[in-house]
Structures are given as C-alpha cells and as structure tokens.
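Colleague: In the working numbering, the protein residues as written are 20 to 174. For glycine and all other residues, C-beta sits at the position ideal for the given N, C-alpha and C. All of these numbers come straight from a predicted model, not from anything done at the bench. Okay, here's the structure, questions in a sec.
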Amino acid sequence: MAAAEFVFTPMTESDIDAVGALEEQCFADPWTRTTFRHELLSNQLASYWVARLCLSTGLPAVVAYGGYWLMGDEAHIVNVAVHPDFRRRGLGTLMVTGMVDAARCAGARLVTLEVRMSNRDAQKLYARLGFVEVGERRRYYNDNGEDALLMTLFL
Ligand SMILES: CC(C)(COP(=O)(O)OP(=O)(O)OC[C@H]1O[C@@H](n2cnc3c(N)ncnc32)[C@H](O)[C@@H]1OP(=O)(O)O)[C@@H](O)C(=O)NCCC(=O)NCCS
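Right under this line is the structure:
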C-alpha cells in the first residue's frame with residue numbers, strides 16, 4: 020500500500036478520540052485526550068496533522084498523526100506516530116515531510132525534535148530526511164529517565 024492512498028490533513032476536534040487511542044498504542048507515557056484537546060483548541064503555537072486512510076466505504080480512518088509548535092523561526096516537532104499495522108509504508112515520512120513543509124510555509128527556518136536514545140528506527144527516519152544530531156538532553160523522559168537525542172533540520 021503506497022503513501023498516495025493516504026491524505027495528510029489538519030487534525031480536527033473530531034479526530035481526538037482516534038488520536039488518543041493511537042497515542043496509547045504507540046507511547047509508554049501517552050498524552051491524554053484532554054492534552055490533545057487543549058493543544059488543538061488553546062495552544063496558539065501548535066499545529067497538528069493526521070494521515071487518513073481513504074476507505075471506499077465508511078469514514079476515513081486516522082492512521083498517523085503529528086504536531087509541532089512554531090516559535091519564531093523554529094518549529095519543534097512534539098509528536099509523530101504511525102499505527103503499528105501501517106508502519107514501513109512511508110507514512111512516518113509523509114507526516115514529517117508534511118509538517119516540515121507546513122512549518123516552512125509558516126516561516127520556519129529550522130525544525131527540531133527530541134527522540135529517545137533507544138529509538139533507532141525513528142532516528143533513521145529523521146536522518147534520511149536531513150535531520151542531524153545537535154545535542155542530548157539528559158534524563159529527558161519521565162517514565163524511565165532515558166536521555167533524548169536532539170535533532171535539527173536546517174531549512
Ligand atoms: C517511527 C515511526 C513514526 C516510523 O513510521 P513509519 O511509517 O514506519 O516510517 P516510514 O515507513 O516512513 O520509514 C522511513 C524510514 O525510516 C526507517 N525506519 C522506520 N521504521 C523502521 C524500523 N522499524 N526498522 C528500521 N528502520 C526503520 C527506515 O529507513 C525507513 O525506510 P525504509 O522502510 O525504506 O527502510 C513509527 O515506527 C512509530 O510510530 N513508532 C512509534 C512512535 C515513535 O517512536 N515516534 C517517534 C517519536 S520521536
């Protein structure tokens with residue numbers, strides 16, 4: 020299944036339940052639906068996106084999501100995740116490139132993110148898109164005290 024069968028669109032309030040469920044599947048220390056609702060409706064810096072599967076019948080299903088905060092000319096990707104059944108089909112790449120393009124259009128000149136030291140799969144994805152390692156954040160993750168790698172894409 021090619022990424023062309025998915026559409027990349029802004030997240031809406033009606034996506035929050037699906038995104039919250041995906042978040043719980045994908046992360047050890049998931050954000051709550053309340054956090055997503057706050058981010059979507061009240062955080063002026065935030066921009067959230069989903070990838071929808073174009074089904075021939077029924078409603079399009081959310082299979083990936085991501086978000087960033089735009090602070091001046093810096094976009095910071097705060098989350099990106101793909102449904103476990105839809106990985107290695109280019110959706111992570113679609114989400115990150117879609118957010119990078121949206122941030123660039125909104126004035127970003129660099130895009131940053133943190134990724135767990137152990138998350139080699141995600142690091143590989145980011146590196147393929149041009150992100151470079153620029154630093155570390157010690158004991159960044161609350162659930163297990165893991166360090167984060169800081170990666171930046173210079174636009
Ligand atoms: C990381 C994640 C978003 C990747 O999504 P994806 O849709 O599988 O990514 P893509 O198909 O676009 O992969 C692009 C490239 O990244 C690398 N990659 C991604 N997943 C990989 C894996 N499981 N093993 C090895 N390389 C991997 C590969 O180089 C891949 O290219 P290839 O398939 O041609 O070899 C997904 O695994 C995920 O949601 N993980 C859980 C949440 C998470 O860790 N988010 C990132 C937080 S910083």
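Could you compute how far the alpha carbon of Phe55 sits from the alpha carbon of Ala80?
Modeller: 18 Å
Colleague: Are Ala65 and Gly85 close, meaning C-beta to C-beta below 9 Å?
Modeller: no
Colleague: Could you round the C-beta distance between Met136 and Leu168 to whole angstroms and report it? I think they count as a contact, below 8 Å.
Modeller: 6 Å
Colleague: Would you say the stretch 114–130 touches the stretch 140–149, given that touching needs at least three Cβ pairs under 8 Å?
Modeller: Contact holds: three or more Cβ-Cβ distances are below 8 Å.
Colleague: Exposed or buried, what is Asn98 when buried is set at 16 or more other beta-carbons lying within 10 Å of its beta-carbon?
Modeller: buried
Colleague: Kindly indicate the opening and closing residues of the beta strand (DSSP E) around His95.
Modeller: Glu93 to Val101
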